[in-house]
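Residue numbers (the working numbering), protein chains in the order written: chain A, 1 to 326; chain B, 327 to 515.
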Amino acid sequence: MSTMRVKTTLILCLLLLATNLGAAESGGVGDGVYDMQCGGACHGDSDQNATSSASLILTTESHIYAGQATTFSLQVESLTSSPYAPIGLFLLSDTTGYRDTPQDIGWQILSDSKGDVNNYIEISGLTDGDTIDWVLRAPEIGNYTFYASIQHGGNNAPHFGISQAYTVEVLPIPDNLPRLTEEFTPIVAREVGQVTKFQLSTEDADTVVVEWRIDGGVANQAIVTGDAVNGFMVELPTANQPSTMQWRAVLDGEGPQQTSPWFTLVTNEQGFSIDETAVYLQAISVLIFFAGLTVLLQTRNRTNQNKEEKSFDEITSTVSQEGGEL
Amino acid sequence: MVSPATFHVVTTELVVGTFALAGLCFALKLLSSFNILPNSKFDEAFDSIAHGALLFGLLSLPFAILSGINSAGVDESGFVSALLVNKLWLSFAGLGLAIGVLISRWKVGTDIWNEAKSSIIQSSFGMAACGAILLTASAGGKFTRGESLLDILHLPYDLVLLMPIWLSVILLISGLANFAIAIRANSSQ
Numbered sequence: 001m002s003t004m005r006v007k008t009t010l011i012l013c014l015l016l017l018a019t020n021l022g023a024a025e026s027g028g029v030g031d032g033v034y035d036m037q038c039g040g041a042c043h044g045d046s047d048q049n050a051t052s053s054a055s056l057i058l059t060t061e062s063h064i065y066a067g068q069a070t071t072f073s074l075q076v077e078s079l080t081s082s083p084y085a086p087i088g089l090f091l092l093s094d095t096t097g098y099r100d101t102p103q104d105i106g107w108q109i110l111s112d113s114k115g116d117v118n119n120y121i122e123i124s125g126l127t128d129g130d131t132i133d134w135v136l137r138a139p140e141i142g143n144y145t146f147y148a149s150i151q152h153g154g155n156n157a158p159h160f161g162i163s164q165a166y167t168v169e170v171l172p173i174p175d176n177l178p179r180l181t182e183e184f185t186p187i188v189a190r191e192v193g194q195v196t197k198f199q200l201s202t203e204d205a206d207t208v209v210v211e212w213r214i215d216g217g218v219a220n221q222a223i224v225t226g227d228a229v230n231g232f233m234v235e236l237p238t239a240n241q242p243s244t245m246q247w248r249a250v251l252d253g254e255g256p257q258q259t260s261p262w263f264t265l266v267t268n269e270q271g272f273s274i275d276e277t278a279v280y281l282q283a284i285s286v287l288i289f290f291a292g293l294t295v296l297l298q299t300r301n302r303t304n305q306n307k308e309e310k311s312f313d314e315i316t317s318t319v320s321q322e323g324g325e326l
Numbered sequence: 327m328v329s330p331a332t333f334h335v336v337t338t339e340l341v342v343g344t345f346a347l348a349g350l351c352f353a354l355k356l357l358s359s360f361n362i363l364p365n366s367k368f369d370e371a372f373d374s375i376a377h378g379a380l381l382f383g384l385l386s387l388p389f390a391i392l393s394g395i396n397s398a399g400v401d402e403s404g405f406v407s408a409l410l411v412n413k414l415w416l417s418f419a420g421l422g423l424a425i426g427v428l429i430s431r432w433k434v435g436t437d438i439w440n441e442a443k444s445s446i447i448q449s450s451f452g453m454a455a456c457g458a459i460l461l462t463a464s465a466g467g468k469f470t471r472g473e474s475l476l477d478i479l480h481l482p483y484d485l486v487l488l489m490p491i492w493l494s495v496i497l498l499i500s501g502l503a504n505f506a507i508a509i510r511a512n513s514s515q
């Protein structure tokens, strides 16, 4: 009985020793669509984190038409002087930590500040007063609540902070309101040198003007062709280096003029792409070829050597049979 | 759990260390075979160390390759850089050369050093395996830190010489044919 107890204790001790120490992801976890608890790895555990000094100010229009896009701006203030890198920022629909992304309440993220469609983004070099934006499409009529959250490192502890709730009312679309269709999804990323031409799907819009700007600078007009019947084609300038462009559409029709939010379009360096099957096949071929070549060269060399030895032996024996001497 | 990146560092250190030692011993053995090195009392030691180190490096190499593929995220996002492709090819070339050198030594035995031509072949291929692995390591340094000791050579790491699949298949078949011929020749002896 006592042996059994000792064994059990030993097993329990081994199991305890086998557990590893938890640690936050100090380098971040990468952008993504995450619930609050999962972003930044374990920042949600109240026993392990500290409160962030940052104050988060989330703003958007308080009234939005159903199916229309709007900008959620998050301003981060009162960051301590330590340049934490990266800082993780969330846009959330509640603070339960489960199914709390905007998508979970029917909203669609059309673009974030980094040329993607994530509710959690990590930013390095964020300073006091900086603002980041998400553009979201509103779902059905109703009232919706949003929160912003921050996660970062510092003083050997993960820091966590959350904003006040922000309520948005989604209203029915008025008659004849010039607008982008609910199916329209903007391009959020492109490569350097890539021509950016797309169809702007609109409803009740007679004329369209598209404006673009770089990093919040002066707005310029983009080339728009086509008409309300055949659809409007928009061509944005090609970027010759990695940059962030924003563009918006000003729609005119019978109803009141509507201006879309600034959509973010990020230009990245041309990505490297290659046929992986060909790469692996070439690697295996090179392996087999070199291995085979080495073995073959040595074998042939040895065979030739044996032949020479054999013929030398034959000559020797012939000469000795004839009573000669070499 | 140890992350693939950390595991890759450990395994590459093993591979680079052992291959470098093997390469050095192959060079010394070659010099010794041609009586360029005056003292031949280390002859046997050079042979044993070269092949022993190569074998140990060979055992570590698959782990280094797999952990490298994992840590670079190739399994998730593919080859994001030409450097990674060249690293893979160089490491596979080194692996193939090392396998060939070890099989040859196993089949021929110490007689491999008795003749000038076979000594040259064995040492050259052994050193080529070492060179391929050192170049792979250099490319790894370039990939992670942006610089490497071999930067002075201005190697074109960004250039990828991808063969068409049919050419790779021909190379593969010729490699297998080489093996078949070698096995047949060995069995007839």
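C-beta: ideal position from N, C-alpha, C; glycine also. Just so you know, these numbers come straight off a predicted model, no measurement behind them.
Taking a beta-carbon distance threshold of 9 Å, B:Ser-430 counts as an interface residue toward chain A. Residues Ser-78, Thr-80 of the same chain have their beta carbon placed closer than 6 Å to that of A:Ser-53, with the five preceding and five following residues left out of the count.
At a cut-off of 9 Å between beta carbons, B:Asn-512 contacts chain A. Rounded to the nearest whole angstrom, the CA to CA distance from A:Ala-85 to B:Glu-402 is 24 Å. Closest option to A:Gln-241, judged by alpha-carbon separation, among A:Phe-263, A:Gly-226, A:Gln-270: A:Gln-270. Excluding five sequence positions before and after B:Val-434, the CB atoms of its chain that fall closer than 8 Å to its own CB belong to Ser-444, given in chain order.
For the set B:Thr-332, B:Gly-378, B:Phe-451, B:Ala-408, the Cα lying nearest the Cα of B:Gly-343 is the one of B:Gly-378. With a cutoff of 9 Å on beta-carbon distance, A:Leu-177 and A:Thr-131 are scored as not near each other.
Relative to the Cα of A:Leu-92, the nearest Cα in the group A:Pro-186, A:Leu-15, A:Gly-32 belongs to A:Gly-32. The shortest C-alpha to C-alpha distance from B:Ala-331 to any of B:Ser-386, B:Gly-349, B:Met-453, B:Gly-399 is the one to B:Gly-399.
Contact annotation: A:Ile-141 and A:Leu-171 have beta-carbon atoms nearer than 9 Å.
Sequence-distant partners of A:Gly-97 (beyond 5 residues in either direction) whose C-beta falls short of 7 Å from its own C-beta, in its chain, are Asp-35, Met-36, Gln-37, Gly-44. Residue range 408-434 is occupied by the alpha helix (DSSP H) that includes B:Val-434.
Distances from the CA of A:Tyr-280 to each of B:Leu-347, B:Ile-491, B:Ser-393 were compared; the closest alpha carbon is that of B:Ile-491. In this structure, the beta-carbon distance from B:Ile-375 to B:Leu-392 does not fall below 9 Å. Taking C-beta separations shorter than 7 Å and ignoring five residues to either side along the sequence, the partners of B:Leu-354 in its chain run Leu-363, Phe-372, following chain order. Among the bridge pairs identified by DSSP, A:Tyr-65 is matched with A:Leu-171. Looking at A:Gln-258, A:Ala-157, A:Gln-199, A:Ala-219, the one whose alpha-carbon comes closest to that of A:Ile-173 is A:Gln-258. Against B:Gly-472, chain A offers no close residue; the least beta-carbon distance is about 15 Å (beta-carbon pairs closer than 7 Å).
In the displayed model, B:Glu-402 falls within a helix according to three-state DSSP.
With 16 or more other Cβ atoms inside 10 Å of its own Cβ, B:Ala-454 counts as buried. Residues of the segment 482-499 of chain B that bring their beta carbon within less than 7 Å of a beta carbon in chain A comprise Val-486, Leu-488, Met-489, Ile-491, Ser-494, Leu-497, Leu-498, in sequence order. Non-local C-beta neighbours of A:Met-233 in its own chain, meaning closer than 8 Å and more than five positions away in sequence, comprise Lys-197, Phe-198, Gln-199, Leu-200, Val-224, Thr-225, Gly-226, ordered along the chain. The beta carbon of A:Ser-124 sits closer than 6 Å to the beta carbons of Ala-85, Pro-86 from its chain, once the five residues preceding and following it are set aside; these are given in chain order. Between A:Val-76 and A:Asp-116, the C-beta spacing is not below 9 Å. Sequence-distant partners of B:Phe-469 (beyond 5 residues in either direction) whose C-beta falls short of 6 Å from its own C-beta, in its chain, are Leu-409.
Rounded to whole angstroms, the Cβ separation of A:Val-266 and A:Val-188 is 7 Å, and the two are in contact under 8 Å.
Rounded to the nearest whole angstrom, the CA to CA distance from B:Ser-464 to A:Gly-154 is 35 Å. Taken in chain order, the segment 155-206 of chain A contains no complete alpha helix (DSSP H) segment of 4 residues or longer. Neighbourhood of B:Leu-479 in chain A, by CB distance below 7 Å: empty, with the nearest CB roughly 21 Å away. Nearest CB-CB separation between B:Ala-390 and chain A: not below the 9 Å threshold. In terms of Cβ geometry, A:Phe-72 and A:Val-29 do not form a close pair [threshold 9 Å]. In the displayed model, A:Leu-265 falls within a strand according to three-state DSSP. Each residue's CA atom was taken as its position, placing B:Ser-358 and B:Asp-369 some 7 Å apart. In terms of Cα proximity to B:Ala-511, the closest of A:Arg-302, A:Thr-277, A:Glu-203 is A:Arg-302. Within the same chain, and ignoring the five residues on either side of A:Glu-254 in sequence, the residues whose Cβ sits closer than 6 Å to its Cβ are Asn-176.
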